[in-house]
Amino acid sequence: MPTILWWIRRDLRLHDHPALDYALQRGRVIPVFILDEALLKNDAPYRKNFLFSGLRDLDAELRKKGSKLVLRRGEPLVELYRLVQETSADEIVALEDYSPYARIRDERIAKSLPLRLFAGETVFPPYMVVKSDGTPYTVFTPFSKAWKALPFVSPSGLSLPERFPSIPDEILSFPFPEASSPEGFLPGETEAINRMERFLAGTVGQYAESRNRLDQEGTSMLSPYFRFGMLSPRMAVSRVWKLLQEPLLPEEKKGCETWLNELIWREFYISILYHFPHVLKMAFNPALRAIEWRNASNELEAWKAGMTGYPVVDAAMRQLRATGWMHNRARMIVASFLSKDLLINWQEGEHWFMQWLIDGDPASNNGGWQWTAGVGTDAAPYFRIFNPVLQSARFDPHGLYIRKWVPELRNVPEQYIHSPWTMPVSLQSSLGIHIGKDYPVPIVMHHETRTRVLEAYRKSQKTYTS
Ligand SMILES: Cc1cc2nc3c(=O)[nH]c(=O)nc-3n(C[C@H](O)[C@H](O)[C@H](O)COP(=O)(O)OP(=O)(O)OC[C@H]3O[C@@H](n4cnc5c(N)ncnc54)[C@H](O)[C@@H]3O)c2cc1C
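Everything in the sequence shown is counted per the working numbering, starting at 967 for the first residue and increasing by one.
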């Protein structure tokens, strides 16, 4: 019976896993995770904690089946080479990982070791969703049409064996790093599946509307689980397709369709990064690569610290630091504020998000930043600039989100909560909060920044065309 190493990377699950299914059918499976120093040196506390507690959860699931997770630490090629020697493994199987770092790593490994890759990080691999001439899509709508037209195959539904092959004690395994899962995000596939089922049984019905509300839990909060493959995207899509076949109210149907679209956005950005890896270094749009960004370190620090004087921006930035999470609408508001109002390079924000987000993912994060800064593929036109006060009033109408994360504004009346600097001084005194002392005055005035940013973007375009 052949021995097969199941090399786990960003696919911490047993369900709907083509590489694991193949290995179980073929031989003796040894599940392995390698703590790669190159990735561990990233300073991303929430994501690391989520990953580490996810590894413990996967190990516990494997132990229930008589197996266990072998944990190694080091350079993947070296560790895999050692493991192949130690276990006399015939093959290594894994799911394709489409990030540029992973592709280079895997190509190198496949040159010297028998590595077999299977699709599974997405419903359709990025090389499948291409135009008829084989070139990639760079606009979301035609991408999603092509994606929806591909033949969808539901997960097989085959149940896993009760018992997996046991792992010999001689195989060295490192102790698991200490970790506590970030608040609100229990690790593991059981939690992921339950979360999805809860969402699809209720919230999805109002999703088309509620997904933008900062003061409500209107989204699935599944991104960290997709990020680490604790939930198979194919399984999620199959559940939505199934739901869409049931008799639904119009808003429920709309909710399901909108959610499906978001899952496709995830695959769109994975595809963009796959076909255009240079987006990690520069704007997708070549005409917007020469923007003269401001070098304003004090303002950048105020943005990071949640001290810009715009309550909605500050609430979101503080929530990020305190929990590793930020709502999608809030991500757009703070990204627009940094790149447009402050005219600070979006890459500073991209980097900061990667440091703090629990779901930080190079493809979605880069896509989100390029979209909001208006420099990317399917970007919002760059002259569409979010007004942080109007966004706040629309998506956090009573200021509940603000009051939660910016406690110094807790008692500010609804009328002033989105722009507290407009509060009469007498009211400030009676409330005991002085804007400028207890909470900052805005570091820039939104209405004054528009000309500056439009000028900078136009100048870059001009340099490009001349
Ligand atoms: C500036 C910026 C940075 C972002 N960085 C990341 C990131 O690092 N990692 C990440 O997973 N998402 C990122 N997003 C996308 C989005 O904000 C999150 O996926 C979403 O907030 C996750 O919440 P949810 O799971 O409740 O999503 P839901 O609304 O329930 O959507 C379901 C799933 O669809 C996917 N999805 C939803 N919206 C998007 C989107 N706009 N782009 C790509 N996929 C999407 C996610 O996997 C999500 O879990 C970013 C967006 C912006 C504007």
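Note that the Cβ used here is the ideal one computed from N, Cα and C, for glycine as well.
Query                                                                                                                                        : Result
Which whole-angstrom value is the C-beta distance of P1397 and V1378, which I expect to be below 8 Å?                                        : This sequence places Leu at residue 1397; Pro is not what is there. Right, the Cβ-Cβ distance comes to about 7 Å (below 8 Å), so this counts as a contact.
For I970 versus V1036, is the C-beta spacing smaller than 8 Å?                                                                               : no
Within 7 Å: the Cβ of M1248 and any heavy atom of ligand 1?                                                                                  : no
Is it buried or exposed for V1119, if we count other Cβ within 10 angstroms and need 16 for buried?                                          : exposed
Tell me the DSSP secondary structure of P1102 in three-state form.                                                                           : strand
Can you list the alpha helix (DSSP H) stretches of 4 or more residues lying completely in the region 1135-1220, in chain order?              : 1155-1167, 1173-1176, 1189-1193 and 1199-1210
Is the beta carbon of F1250 closer than 8 Å to that of V1105?                                                                                : no
DSSP beta-bridge partners for A1060?                                                                                                         : L1083
Can you tell me where the beta strand (DSSP E) holding I996 begins and where it ends?                                                        : R994 to L1001
Distance check for L1081 and D988, CA to CA, integer angstroms please.                                                                       : A small correction: the amino acid at residue 988 is Tyr; Asp does not occupy that position in the sequence shown. The alpha-carbon atoms of Y988 and L1081 are separated by roughly 13 Å.
By Cβ distance below 6 Å, which residues in the same chain neighbour S1302 in space, the five residues on each side in sequence not counted? : T1338 and F1352
Would Q1172 and G1123 qualify as a contact pair, given that the criterion is a beta-carbon distance under 8 Å?                               : no
Using three-state DSSP, classify V1096 as helix, strand or coil.                                                                             : strand
Is the closest heavy atom of ligand 1 to the C-beta of R1297 under 7 Å?                                                                      : yes
Just to confirm, does H1241 get its C-beta within under 7 Å of one of the non-hydrogen atoms of ligand 1?                                    : no
To which residues does DSSP link T969 through a beta bridge?                                                                                 : R994
Is the beta carbon of I1257 closer than 8 Å to that of V1278?                                                                                : no
How many Å lie between E1175 and P1363 at the Cα?                                                                                            : 14 Å
To the nearest angstrom, how far is the alpha carbon of L1116 from that of S1110?                                                            : 10 Å
Need the endpoints of the alpha helix (DSSP H) that L1356 sits in, please.                                                                   : P1354 to F1361
Can you tell me which residues form a DSSP beta bridge with L1037?                                                                           : F999
Can you tell which of M1283, R1200 and P1108 has its C-alpha closest to the C-alpha of P1121?                                                : R1200
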